[in-house]
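If you're matching positions, the sequence shown starts at 162 in the numbering used here and goes up one per residue.
Note that the Cβ used here is the ideal one computed from N, Cα and C, for glycine as well.
Read through the structure below, which is laid out as structure tokens, and then see the notes.
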Amino acid sequence: MSTEPRHSPDEPLDGDDVALLADLARIAQALDPVPDGLVERSLFAVTLAGLEAEVMELEYVRVPRMSVRGEAPPIEARTITFTSESVTVMISLSPVEGGRVRIDGWAAPATSLRVELHRPGSVTETTSDQDGRFVFDDVDRGPASLVVRRADDAGSAVSTPVVEL
Numbered sequence: 162m163s164t165e166p167r168h169s170p171d172e173p174l175d176g177d178d179v180a181l182l183a184d185l186a187r188i189a190q191a192l193d194p195v196p197d198g199l200v201e202r203s204l205f206a207v208t209l210a211g212l213e214a215e216v217m218e219l220e221y222v223r224v225p226r227m228s229v230r231g232e233a234p235p236i237e238a239r240t241i242t243f244t245s246e247s248v249t250v251m252i253s254l255s256p257v258e259g260g261r262v263r264i265d266g267w268a269a270p271a272t273s274l275r276v277e278l279h280r281p282g283s284v285t286e287t288t289s290d291q292d293g294r295f296v297f298d299d300v301d302r303g304p305a306s307l308v309v310r311r312a313d314d315a316g317s318a319v320s321t322p323v324v325e326l
């Protein structure tokens, strides 16, 4: 029996090749299916990477301890700070009705900025005031990233890493 291939790798796929690939796809799907949401999360990450923005580093996350006697805290609040060479952004997450979250943010140095909230499948934009303060009300929980640009569009965009709201 010859171990030489019957076809050149440069030849187009024939019916046998297509059938074999379909069988392999069916077996892979049955044994190791793609996790729910992976495609959406991957497309979201690729979209952010495509912005070619300077990426901020996650500086720290602070979760205040408000529980009494081991009970879960009645109010959830998280503060997250991102830093880069050109800007620092701090956001505070507060729960709102319906399991959603409010994002209060501050950017330094203080100036008017365009702030984009990137979520899988959507982008919401707001403008900070002259003190660098901005708000996104009533946001669904899940993966998100912020992209910050000067309001006059001078300079490049700066993006935060993806965080879970």
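- Taking the C-alpha atoms as reference points, what is the distance between Ile236 and Glu258? Low confidence applies here, because Ile236 scores a pLDDT of 48, under 50, leaving its location unreliable and the question unanswered by this model.
Leu307 burial status per 10 Å Cβ neighbour count (16 or more: buried): Counting other Cβ atoms within 10 Å of its Cβ, Leu307 reaches 16 or more and is therefore classed as buried.
Among Glu201, Gly260, Arg187 and Gly198, which residue has its Cα nearest to the Cα of Asp298? Here the closest residue by C-alpha is Gly260.
Cβ of Val324 within 8 Å of Cβ of Ala305?
-> yes
* To do: Determine the DSSP secondary structure at Ser273, reduced to helix, strand or coil.
  => coil
>> Less than 6 Å between C-beta atoms, sequence neighbours within five positions excluded: which residues of the same chain meet that for Ser253?
In response: Thr240 and Asp265, listed in sequence order.
Between Asp175 and Pro281, what straight-line distance do the alpha-carbon atoms span, to the nearest angstrom? Roughly 38 Å separates the two Cα atoms.
| message | In the DSSP output, what is Glu325 paired with across the bridge? | response | In the DSSP assignment, the residues bridged to Glu325 are Pro304.
Worksheet entry | Beta-carbon separation (whole angstroms), Val319 vs Ser247, contact threshold 8 Å | Val319 to Ser247, Cβ: 6 Å. Contact.
Based on the DSSP secondary-structure assignment, which residues constitute the bridge partners of Asp265? Bridge partners of Asp265: Ser253 and Val296.
- Message: For the ligand MN, I want to know if Arg261 counts as a neighbour, meaning its beta carbon is within less than 7 Å of at least one of the ligand's heavy atoms.
- Response: Of the ligands one can find in the structure shown there are none, so the ligand MN has no counterpart to examine.
Checklist entry - Does the beta-carbon distance from Ala296 to Thr287 come in below 8 Å? => result The sequence given here places Val at residue 296; Ala does not occur at that position. Closer than 8 Å, so yes.
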